[in-house]
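First residue of the sequence shown? That's 0 in numbering that gives the first Met the number 0, and the numbers climb one at a time after it. Since the structure comes first, as structure tokens, the remarks are kept for the end.
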Amino acid sequence: MPDERPAKKEPKKLLLRLDPAVHEAIAKWAADDLRSVNAQIEFALRMALTQAGRAPKRSD
0 MPDERPAKKE
10 PKKLLLRLDP
20 AVHEAIAKWA
30 ADDLRSVNAQ
40 IEFALRMALT
50 QAGRAPKRSD
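Right under this line is the structure:
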């Protein structure tokens with residue numbers, strides 16, 4: 000019988016070039032929030048998408 004569970008979606012990888020001052024600000028913000036820089040960037044992007052009315056639907 001085939002496995003009927005939905006396929007797990009793998010996170011997408013993205014090369015991102017940042018101004019060093021922007022990276023430093025994100026890193027400080029991440030440390031304050033006990034997040035990694037990657038998690039902080041995703042958090043900021045999700046906040047911006049929500050504010051713009053473009054947040055993706057949750058895929059739990």
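Idealized CB from N, CA, C, for every residue including glycine.
* Closer than 7 Å by C-beta to A26: which residues in its own chain qualify, once you throw out the five before and the five after it? Chain order, please. => V36
* Where do the ends of the alpha helix (DSSP H) carrying A43 lie? -> V36 to Q50
* Pull up the distance between the alpha-carbon of K7 and that of R57, whole angstroms please. => 13 Å
* If we count the other Cβ atoms within 10 Å of its Cβ and call it buried at 16 or more, is Q39 buried or exposed? -> buried
* To do: List the endpoints of the continuous alpha helix (DSSP H) containing P19.
  => P19 to D31
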